[in-house]
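Here the sequence shown is numbered in the UniProt record's numbering, starting from 1 and rising by one per residue.
Take a look at the structure below.
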Amino acid sequence: MPKLGKDAQADARDMAATWFVRLRSPMSDADREAFEAWRSDPENARAWAHVEQTWDQTMFLAGTPLVRSRDLSRAAPHFPVRRVAALVAMALLIGVATWTWISRGGPDHGTVPQIARTLELKAAPAGVRTVSLSDGSRVTLDRQAIVHVAFSDRERRLRLVEGRARFDVAHDAARRFVVDAGEGSVIAHGTVFDVALEDGTARIALLRGRVEVRQRSDAAAAAGMRMLAPGQEVMVTARLLSQPSATPVGEADWASDMITFGATPLSDAIAAFNRTSIRPVRLDAQRFGQERLSGAFRRGDPDAFARGIAASFGLSVRYDRDGAIHLDEPAAKGT
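Here it is as structure tokens:
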């Protein structure tokens, strides 16, 4: 295939940058099909790879101590201005990083980089995914979770868009770590905590350390704040900031490979398992819903989970064509 001219290559990269922005906004199935059709062209695929690579380089550069040192005059031997400018220009073009250069007395005195960039994290389609951030913190995303990350040299701010995530926060006294979810805002102090968002209600559960939880509309008022101790959780809506209560047993196990139940109502246990399962298990024999289930099960094995329940309560297992697993009433004897 003949190579495209420079103008055509530039057009392909411009379109790749446009798609890069669009893919980080809500899109219809038709939009996604249009993107895949566009990327199926080899030249477009190369342009897309170039934009992704430039983004990765920009994120790496923005997270280095040298850029955060607030003095570009020292950075010149290692990062030529032309190279920095090129990365910044692409970052601005694709709309995922914003760099503001603030003067410190003119060109002879260097400049101060104020970096505020947004990165979107998405869960793996098949289950839990853990991502390490540039500051050493880690975010574990449950299935279907989306988190937006915006770090600057003054603050580390994240937003849970949907789903559930765990935040293992690295200590940085100079930059506070804030997670927004729905109407709730969490300020962490070197800690581990879970945030879940469902139907507009944010649930924050603390595993280790300490956190402040506020309503975002009342974020500046200490009266609207709750301090959590490990093992406690709160609920936040536009009208409610609940008092801390004990986190249900086993609720924090979602990020591990195993899920454990201790005399849990069967309907609740199945609902908890399904939150991280690719294929759902359905309890059609609803009169068994309040039976108690105890034991440890592997999250990635819904078949074993269903068979274990069936063996414990004498239920029968049935499979749908779409992969769903049904737990039916016990089969009649002699059939």
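Every residue, glycine too, gets a C-beta built ideally from N, C-alpha and C.
In this text the structure is predicted, and so the values were computed from the model without any measurement.
Spatially closest choice to Glu43 from Asp320, Val186, Arg13, Leu206, by CA coordinates: For the set Asp320, Val186, Arg13, Leu206, the Cα lying nearest the Cα of Glu43 is the one of Arg13.
Arg292 versus Ile325 - alpha carbon distance: Distance between the alpha carbons of Arg292 and Ile325: 20 Å.
Between the CA atoms of Ser316 and Arg282 - distance to the nearest angstrom: Here the alpha carbon of Arg282 sits roughly 12 Å from the alpha carbon of Ser316.
Limits of the unbroken alpha helix (DSSP H) element including Gly308: Its alpha helix (DSSP H) spans residues 302-313.
Top-ranked residue by Cα proximity to Gln232, from Ala145, Gln215, Ala255, Phe193: Closest by C-alpha distance to Gln232, out of Ala145, Gln215, Ala255, Phe193, is Phe193.
Residue closest to Glu155, alpha-carbon to alpha-carbon, out of Glu183, Ile187, Arg143, Ser312: Looking at the Cα atoms, Ile187 is the closest of the given residues.
Per DSSP, the bridge partner or partners of Leu121: In DSSP, Leu121 forms a bridge with Val147.
Spatially closest choice to Ala181 from Ala170, His50, Ala311, Val149, by CA coordinates: For Ala181, the closest of Ala170, His50, Ala311, Val149 by C-alpha to C-alpha distance is Val149.
Identified DSSP bridge partners for Ser242: In DSSP, Ser242 forms no bridge with anything.
Continuous beta strand (DSSP E) assignments of at least 3 residues falling wholly in the UniProt domain "FecR protein" (123-212): The DSSP assignment places complete beta strand (DSSP E) segments of no fewer than 3 residues inside the UniProt domain "FecR protein" (123-212) at 129-132, 138-141, 146-151, 155-168, 176-181, 184-188, 192-198, 201-208, in order along the chain.
Per DSSP, the bridge partner or partners of Ser316: Checking the DSSP bridge columns, you'll see Ser316 partnered with Asp328.
Sequence-distant residues of the same chain with beta carbon closer than 6 Å to Glu329, five excluded per side: Hits under 6 Å: Ala285.
Reference Phe20, options Glu36, Ser40, Val51, closest by Cα: Checking every option, the nearest Cα to that of Phe20 belongs to Val51.
Glu251, DSSP secondary structure in three states: Helix.
Outcome for Leu240 when other beta-carbon atoms lying within 10 angstroms are tallied against a minimum of 16: Here Leu240 is exposed, its C-beta having fewer than 16 other C-beta atoms within 10 Å.
Residues near Thr247 by beta carbon distance below 7 Å, same chain, minus five either side: Excluding positions up to five away in sequence, the list reads Ala205, Gly231, Gln232, Glu233.
Continuous alpha helix (DSSP H) stretch holding Ala269: start and end: Element bounds for Ala269: 266-274.
Collapsed DSSP secondary structure at Gln290 in the structure displayed: Under the three-state reduction of DSSP, Gln290 is assigned to coil, being neither helix nor strand.
Ala10 beta carbon less than 8 Å from that of Trp48: No, they are not a contact pair.
Residue of Arg166, Met235, Gly136 minimising C-alpha distance to Arg143: Minimum Cα distance to Arg143 is reached at Arg166.
Beta-carbon gap between Pro302 and Arg321 smaller than 8 Å: Against a cut-off of 8 Å, the Cβ pair of Arg321 and Pro302 comes out as no contact.
For Glu183 and Thr237, believed in contact at Cβ under 8 Å, the rounded distance: Glu183 and Thr237 do touch by the CB rule: their CB atoms are close to 6 Å apart, below 8 Å.
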